[in-house]
Amino acid sequence: MKKTLAMLTGILLSAHSNTLLAKEVPFAIAIHGGAGTIKKERFTPEKEAAYRAKLQESVEAGYAILENGGTSLDALTASINILENSPFFNAGKGAVYTHDETHEMDASIMEGKNRQAGAVAGVKHIENPIDLARLVMDESVHVMLSGDGAETFAQSQGIKLVSNNIFDTEHRYKSLQRAKAKMKKAKETNKDYQAAHQSLAVEYKVGTVGAVALDKYGNIAAGTSTGGMTNKRFGRIGDAPVIGAGTFADNASCAVSATGHGEYFIRYNVAADICARVQYQGKTIEQAGNEVIHDVLKPVGGTGGVIIIDAKGNISLPFNTKGMYRASKASGQKTYVGIFKDD
Ligand code: ASP
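Written as structure tokens, this is what we have:
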């Protein structure tokens, strides 16, 4: 009798603690596939459905890893790989073209427990740049590697280099031709070159990808991967590989992945600024994100958006453009997928 009672109590206790565990340990993930002039009228119903399906596939792949006890870093890398491998987005296959008709990619990753980070800039022959950023964080003594050096490091880690043209897509090539024609016209008609270039950023660079996640161990992390901006020149590097600008994570505040006109995101240190407002001003991630995206960036012409998560599993997805490809899933909740403002 005594034994049976003890067993029963044990079962009740463990059932009770399981319930507590399920309630107390939130986990969540959010992803983006770029922000910009994403207008509903440019989509056929089939195209829109295909984009939504890819976003859903990506967020649910990361979520499954979290659910099975995987880390936030593993989850976000898996989600980003799916977007890098899809021609829909400006990262990996589908990356935009440089002025010289090649692809140069940037990526970074950061974890919030110890603020470890890794980044690569201007790589041309790496199929999944986010994986290389992760290796830079885990296996090198540095934080950011660029160009040929990054690729030599990749080979030393067993990553095979791929031909640059595996990233080619017809729609990005057409965008480059349109961008070049626009810039040529601006020059010929003596228009403000800066202003013309500015509008290119909004129209032709959509599709950077990123993810932020919280795992069951209470650790948050962020990652971003991109082909940068159409028609970029001279080895231009955007915000995506710059820790603090395009990517940031600290368990004490939040994890952020950005997309938008990189030059502004670097100058305004966007990802770190959002987390600093959370940490030092006691703002929620929603307040901090809205302030930086709408009150700081928008008035100066900085277009784009961010995805944010905190260690409690709150998620915020602010943007100041017409749309942002995005999706999220928090423990026990339904998957959310959005493209347009009113989604
Ligand atoms: N932020 C990226 C860059 O400037 C582009 C983008 O997010 O669309 O390189």
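All residue numbers for the sequence shown refer to our numbering, where the first residue is 18 and numbers rise by one. The beta-carbon is built from N, C-alpha and C at its ideal position, and this holds for glycine as well.
N- and C-terminal bounds of the beta strand (DSSP E) containing F282: Unbroken run through F282 is the alpha helix (DSSP H), 279-284; no beta strand (DSSP E).
Buried versus exposed, by CB contacts within 10 Å (16 or more), G117: Going by the sequence as given, residue 117 is Asp instead of Gly. D117 comes out exposed.
Reference G51; option with closest CA among D360, Y190, L100: Comparing Cα-Cα distances from G51 to each of D360, Y190, L100, the minimum goes to L100.
Whole-angstrom distance between G164 and V226, CA atom to CA atom: Rounded to the nearest angstrom, the two C-alpha atoms are 20 Å apart.
beta-carbon G111 near the ligand ASP non-hydrogen atom, thresh 7 Å: With a threshold of 7 Å, the Cβ atom of G111 does not count as near the ligand ASP, since no heavy atom of the ligand is closer than that.
Length of the line joining the Cα atoms of D359 and N236: Between the alpha carbons of D359 and N236 lies a gap of roughly 31 Å.
Nearest-angstrom Cα separation, counted from A239 out to A171: The straight-line gap from Cα to Cα measures roughly 21 Å.
Whole-Å CB distance - V323 paired with G349, under 8 Å assumed: Approximately 25 Å separates the beta-carbon atoms of V323 and G349; this is outside 8 Å, ruling out the contact.
Sub-8 Å separation of V160 and G53 beta-carbons: Contact flag unset, no.
Best match in S274, K202, K300, T94 for proximity to A288 [C-alpha to C-alpha]: For A288, the nearest C-alpha among the options comes from S274.
Length of the line joining the Cα atoms of N331 and N248: Distance from the CA atom of N331 to the CA atom of N248, rounded to whole angstroms, is 37 Å.
Proximity test, G277 beta-carbon vs the ligand ASP heavy atom, cut-off 7 Å: Yes, Cβ of G277 sits closer than 7 Å to a heavy atom of the ligand ASP.
From F357, E84, N102, T320, residue whose alpha carbon lies closest to that of Y281: Cα-wise, what sits closest to Y281 is T320.
Beta strand (DSSP E) runs wholly inside the segment 129-167, at least 3 long, in chain order: Complete beta strand (DSSP E) runs here, min 3: 134-140, 161-163.
Contact test: M122 Cβ vs the ligand ASP heavy atom, cutoff 7 Å: Every heavy atom of the ligand ASP is 7 Å or more from the Cβ of M122, so no.
Rounded C-alpha distance that separates L38 from S89: Its pLDDT being 49, under 50, L38 is placed unreliably in this model, and the value from its coordinates should be taken loosely. Cα to Cα, L38 sits roughly 18 Å from S89.
Any C-beta of chain C under 8 Å from that of I283: Protein chains in the displayed structure number just one, and chain C is not present.
Between the CA atoms of A81 and G252 - distance to the nearest angstrom: Using only the alpha carbons, I get a separation of about 37 Å.
Span of the alpha helix (DSSP H) around Y6: Here the chain has residues from 18 to 360 only, and residue 6 is not among them.
Proximity of D267 and G129 at Cβ, strictly below 8 Å: In this structure, G129 lies closer than 8 Å to D267 by Cβ.
Distance CB(H120)-CB(L178) smaller than 8 Å: Against a cut-off of 8 Å, the Cβ pair of L178 and H120 comes out as no contact.
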